[in-house]
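J.:
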Amino acid sequence: MDARITYYLDCVLVLAWSVLLLIVAYGFFDNIVNVSRRSQYKFDSGRTDFRLYCLNVSDVSASTPSGGGAKGGRSTALAGPSSRRSLVTPPADGDDDDLAQARRGSSADSRNGLGLVGLRNIGNTCFMNSVLQCLSNTKVLLDYIRNESYQKDVNNTTSSMKGALIKAFSELIKELWGSDTSGPVNTAALKAQIQRFAPRFMGYAQQDAQEFLRYLLEGLHEEVNRVTSKPKPITTDIDDNLSDAEKANEAWRRYLRAEDSFIVDMFVGQLKSTLKCTHCGHCSVTFDPFWDLSLPLPSGRHTTSVRLAHCLDAFTKEETLDGDEKPKCAKCKERRRCTKSFSIQKFPQVLVIHLKRFSPLERYRGKLNTLVEFPLEGLDLSQFAAEPQSGPSPRYNLYAVSEHSGTPYSGHYTAHCKNPLDNRWHEYNDSRVSSASGRSAVSPEAYVLFYEREGGTTQKSRL
Ligand SMILES: [Zn+2]
19 MDARITYYLD CVLVLAWSVL LLIVAYGFFD NIVNVSRRSQ YKFDSGRTDF RLYCLNVSDV
79 SASTPSGGGA KGGRSTALAG PSSRRSLVTP PADGDDDDLA QARRGSSADS RNGLGLVGLR
139 NIGNTCFMNS VLQCLSNTKV LLDYIRNESY QKDVNNTTSS MKGALIKAFS ELIKELWGSD
199 TSGPVNTAAL KAQIQRFAPR FMGYAQQDAQ EFLRYLLEGL HEEVNRVTSK PKPITTDIDD
259 NLSDAEKANE AWRRYLRAED SFIVDMFVGQ LKSTLKCTHC GHCSVTFDPF WDLSLPLPSG
319 RHTTSVRLAH CLDAFTKEET LDGDEKPKCA KCKERRRCTK SFSIQKFPQV LVIHLKRFSP
379 LERYRGKLNT LVEFPLEGLD LSQFAAEPQS GPSPRYNLYA VSEHSGTPYS GHYTAHCKNP
439 LDNRWHEYND SRVSSASGRS AVSPEAYVLF YEREGGTTQK SRL
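So the sequence shown is residues 19 to 481, counted in our numbering.
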């Protein structure tokens, strides 16, 4: 063969190999990038549950430098230099440490002992951090923990956790409020206890803050339940001849027989539901304890904002049960078309309001971003009372908001809380804490609202 032809063939072969090598190398590199991206974002496309994952704070900021994500823009404006910093910092492990370092040099020192300390995000735990900061700023609970009164209440018999959960919770609260705490606090010890108590919160999947709050409060209640031996359940119905107020009292008494704690004293209210037969007019009432009120949001296409009172109206208003839903009327002894309505029998000291932004039916369709206008002070619930109130009217002041930004599939939780010592508002965004205004808590991201009743802790468990 001609030497020149051989030479050209060799050239072509070398060229082909080079191209092939380049393709392989590129594929390999791309794969590595994907893998690392995956692990960073805890990407989990196989999960079919809703509200999946939260990006780390720095990821959110980094991926929305123009403030495209609602939270990206707002928190930057509020948080100032410390959050702007994350815009240029690629998401990396240990970023929290850097942040802590950066802050330690600034204003952090003057904040010691005021509970103005962030919580580390240890892998999709922003839902937990948000709720913990709201509870940390719940004055009655904070006092109960800090003055150690919970110690004498620890239930070592019927509580499944034998005090380990409330102990971990109180250690975290004390660290948040400690005078020698400087950096963000690690929640790993508490998280481990929560996972023992409620294994569904295991792993690193994003969870729903309201569900988590409910679990945590009920868990803490169990830990300090004054009922230390399980009472025999009462199976008889409440006497129908009693007045509504007497029925309510009896229902509450029965509830306290099994569930009676400082946490119940503070957080649990009683809801009255009235079923009225449209045929004979007979009313049957039932009374149930509630840990929070889940309010529906009007979801019309053009509804962009609504007042909280309207959500309460929608929650308490009469609805008609007809067709398959027809209940049996106790008087007619037949299934009848009935109306059903709710009212509040007992107002809790701490009122938790859950805005139903994620309807179970809308699970895969998204989230309602309606702005709910709620008052910071003087929320008067008199008109939703089951009966005229003998004491002062049930008026509430806002002190914390757990917020969700983003979509149901990839979102982030933060909180706005009013410090119970100096009454100033702050925004809590995982490891970051920055001053804020109370008004900025009213946003389309507000998800769970914490109100405290005016007039202190006068009524304990009684109706
Ligand atoms: Zn009837």
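Where a beta carbon is used, it is the ideal one built from N, C-alpha and C, also for glycine.
Given a cut-off of 8 Å, decide if Glu-463 and Ser-423 are closer than it, judged by their beta-carbon atoms.
T.: Within the sequence shown, numbered from 1, the residue matching residue 423 stands at position 405. Within the sequence shown, numbered from 1, the residue matching residue 463 stands at position 445. Yes, these two residues count as a Cβ contact at 8 Å.
J.: Just the C-alpha distance for Asn-147 and Asp-448, rounded to the nearest angstrom, thanks.
T.: The sequence position of residue 147 within the sequence shown is 129, counting from 1. The sequence position of residue 448 within the sequence shown is 430, counting from 1. Cα to Cα, the separation comes out at about 6 Å.
J.: Tell me whether Lys-349, by its Cβ, gets closer than 7 Å to a heavy atom of ligand 1.
T.: Taking the sequence shown and counting its residues from 1, one reaches residue 349 at position 331. Yes, Cβ of Lys-349 sits closer than 7 Å to a heavy atom of ligand 1.
J.: Quick one: using the 10 Å Cβ neighbour count with 16 as the cut-off for buried, is Leu-160 buried or exposed?
T.: In the sequence shown, the residue the question calls residue 160 occupies position 142. Per the 10 Å Cβ criterion, buried.
J.: Determine, for Glu-472, whether the minimum Cβ-Cβ distance to residues of chain C falls below 8 Å.
T.: The displayed structure is made up of one protein chain only, and chain C is not part of it.
J.: Taking 7 Å as the cut-off, is the C-beta of Cys-298 nearer than that to any heavy atom in ligand 1?
T.: Here residue 298 refers to the residue found at position 280 of the sequence shown. True, at least one ligand heavy atom lies under 7 Å from that Cβ.
J.: From Ser-154 to Pro-202, what does the alpha carbon distance come to, in whole angstroms?
T.: Along the sequence shown, one-based indexing puts residue 154 at 136. Along the sequence shown, one-based indexing puts residue 202 at 184. Approximately 14 Å, taken between the alpha carbons.
J.: Report whether the distance from the Cβ of Cys-329 to the nearest heavy atom of ligand 1 is below 7 Å.
T.: Against the sequence shown, residue 329 aligns to sequence position 311. Not under cutoff, so the answer is no.
J.: Let me confirm a value: Ala-404 is counted as buried when at least 16 other C-beta atoms fall within 10 Å, else exposed. Which label applies?
T.: Along the sequence shown, read from residue 1 onward, the residue named residue 404 stands at position 386. Buried, because 16 or more other Cβ atoms sit within 10 Å of the Cβ of Ala-404.
J.: Within the present structure, is the beta-carbon of Arg-354 separated from the nearest heavy atom of ligand 1 by less than 7 Å?
T.: By 1-based counting over the sequence shown, the position of residue 354 is 336. Yes, since a heavy atom of ligand 1 falls inside the 7 Å radius drawn around the Cβ of Arg-354.
J.: Among the candidates Ser-408, His-430, Leu-373, whose CA atom is the shortest distance from the CA of Val-460?
T.: In the sequence shown, the residue the question calls residue 460 occupies position 442. Nearest C-alpha to Val-460: Leu-373.
J.: Considering only residues of the segment 355-401, which uninterrupted beta strand (DSSP E) runs meet the minimum length of 3 residues and lie entirely inside it, listed in chain order?
T.: Listed in chain order, they are 356-364, 368-373, 389-391.
J.: Where Asp-258 and Asp-306 are concerned, what is the direct C-alpha to C-alpha distance, given to the nearest angstrom?
T.: Translated into the one-based positions of the sequence shown, residue 258 becomes position 240. Translated into the one-based positions of the sequence shown, residue 306 becomes position 288. Distance between the alpha carbons of Asp-258 and Asp-306: 16 Å.
J.: Do you know how far the Cα of Glu-229 is from the Cα of Ala-216?
T.: As a position in the sequence shown, residue 216 is number 198, starting the count at 1. As a position in the sequence shown, residue 229 is number 211, starting the count at 1. Rounded to whole angstroms, Ala-216 to Glu-229 spans 11 Å at the Cα level.
J.: Which value, in whole angstroms, describes the spacing of the CA atoms of Leu-386 and Ser-247?
T.: Here residue 386 refers to the residue found at position 368 of the sequence shown. Here residue 247 refers to the residue found at position 229 of the sequence shown. Their backbone Cα atoms lie some 44 Å apart in a straight line.
J.: For Thr-432, which of helix, strand or coil comes out of DSSP?
T.: The sequence position of residue 432 within the sequence shown is 414, counting from 1. Strand at Thr-432.
J.: Restricting to Cα atoms, I'd like to know which of Cys-144, Asn-415, Lys-250, Gly-299 is closest to Gln-225.
T.: In the sequence shown, the residue the question calls residue 225 occupies position 207. If we check each option's Cα against that of Gln-225, Cys-144 comes out closest.
J.: Would a C-beta distance cut-off of 8 Å place Leu-134 and Val-390 closer than the cut-off?
T.: For the purposes of this step, residue 134 is taken as residue 116 along the sequence shown, with counting starting at 1. For the purposes of this step, residue 390 is taken as residue 372 along the sequence shown, with counting starting at 1. Not a contact, by the Cβ cut-off of 8 Å.
J.: By a C-beta neighbour count over all protein chains shown, 10 Å radius and 16 as the cutoff for buried, is Asp-342 buried or exposed?
T.: Taking the sequence shown and counting its residues from 1, the one referred to as residue 342 is at position 324. With fewer than 16 other Cβ atoms within 10 Å, it is exposed.
J.: Whether or not the segment 350-360 and the segment 267-280 are in contact is what I'm after, with contact meaning three or more pairs of Cβ atoms, one per stretch, closer than 8 Å; do they touch?
T.: Touching, no.
J.: What does the alpha-carbon distance come out to for the pair Tyr-204 and Asn-139?
T.: Residue numbering aside, residue 204 sits at position 186 when the sequence shown is read from its first letter. Residue numbering aside, residue 139 sits at position 121 when the sequence shown is read from its first letter. Note that residue 204 is Asn in the sequence shown here, rather than Tyr. Between Asn-204 and Asn-139, the C-alpha separation is close to 8 Å.
J.: Cutting at 7 Å between CB atoms, please list the residues of its own chain near Thr-321, excluding the five before and the five after it.
T.: Translated into positions along the sequence shown, residue 321 becomes position 303. Hits under 7 Å: Thr-388.
J.: So is Asp-28 buried or exposed if we call it buried at 16+ other beta carbons inside 10 Å?
T.: In the sequence shown, counting from the first residue as 1, residue 28 sits at position 10. Exposed is the call here.
J.: How long is the line joining the alpha carbons of Phe-468 and Ile-252, rounded to whole angstroms?
T.: Along the sequence shown, one-based indexing puts residue 468 at 450. Along the sequence shown, one-based indexing puts residue 252 at 234. Their Cα atoms are separated by approximately 33 Å.
J.: Could you check which residue in Thr-254, Cys-295, Gly-287, Ser-279 has the C-alpha nearest to that of Arg-355?
T.: Within the sequence shown, the letter at position 337 stands for residue 355. It is Cys-295 whose Cα lies nearest to the Cα of Arg-355.
J.: Should Cys-295 be counted as a contact of ligand 1 given a C-beta to heavy atom distance under 7 Å?
T.: For the purposes of this step, residue 295 is taken as residue 277 along the sequence shown, with counting starting at 1. Under cutoff, so the answer is yes.
J.: Report buried or exposed for Ser-167, applying the criterion of at least 16 other Cβ atoms within 10 angstroms of its Cβ.
T.: Taking the sequence shown and counting its residues from 1, the one referred to as residue 167 is at position 149. Result: exposed.
J.: Is DSSP giving Glu-405 helix, strand or coil here?
T.: Locating residue 405 in the sequence shown gives position 387, where the first residue counts as 1. Glu-405: coil per DSSP, three-state reduction.
J.: Run through the DSSP bridge pairs and tell me what Glu-470 is partnered with.
T.: Sequence index remark: in the sequence shown, residue 470 carries index 452 (1-based). Glu-470 is bridged to Val-368, Asn-415.
J.: To the nearest angstrom, report how far apart Lys-290 and Arg-413 are at their CA atoms.
T.: In the sequence shown, the residue the question calls residue 290 occupies position 272. In the sequence shown, the residue the question calls residue 413 occupies position 395. Using only the alpha carbons, I get a separation of about 19 Å.
J.: Take Cys-301 and list the residues in its own chain whose beta-carbon comes closer than 6 Å to its own, dropping the five residues that flank it on each side.
T.: Here residue 301 refers to the residue found at position 283 when the sequence shown is read from its first residue. Closer than 6 Å at the Cβ level, and outside the excluded window around Cys-301, lie Thr-292, Lys-294.
J.: Got a sec? Which residues, its chain only, sit under 7 Å from Ala-433 by beta carbon, not counting five neighbours each side?
T.: Your numbering for residue 433 matches position 415 in the sequence shown. Cβ neighbours of Ala-433 beyond the five flanking positions: Ser-148, Gln-151, Cys-152, Ala-418, Val-419, Ser-420, Glu-421, Tyr-446.
J.: Suppose contacts are defined by Cβ-Cβ distances below 8 Å. Is Leu-439 in contact with Leu-132 by that definition?
T.: Looking up residue 439 in the sequence shown gives position 421. Looking up residue 132 in the sequence shown gives position 114. Yes. Within cutoff.
J.: Quick one: residues in its chain with C-beta nearer than 7 Å to the C-beta of Ala-6, no 5 flanking neighbours on either side, listed in chain order?
T.: Any property of residue 6 remains undetermined from this structure, which presents the chain solely from 19 to 481.
J.: Using the beta-carbon count (16 or more within 10 Å), is Cys-435 buried or exposed?
T.: Along the sequence shown, one-based indexing puts residue 435 at 417. That one is buried.
J.: What's the C-alpha gap between Arg-325 and Phe-376?
T.: For the purposes of this step, residue 325 is identified with residue 307 of the sequence shown, where counting begins at 1. For the purposes of this step, residue 376 is identified with residue 358 of the sequence shown, where counting begins at 1. Taking the straight line from one Cα to the other gives about 18 Å.
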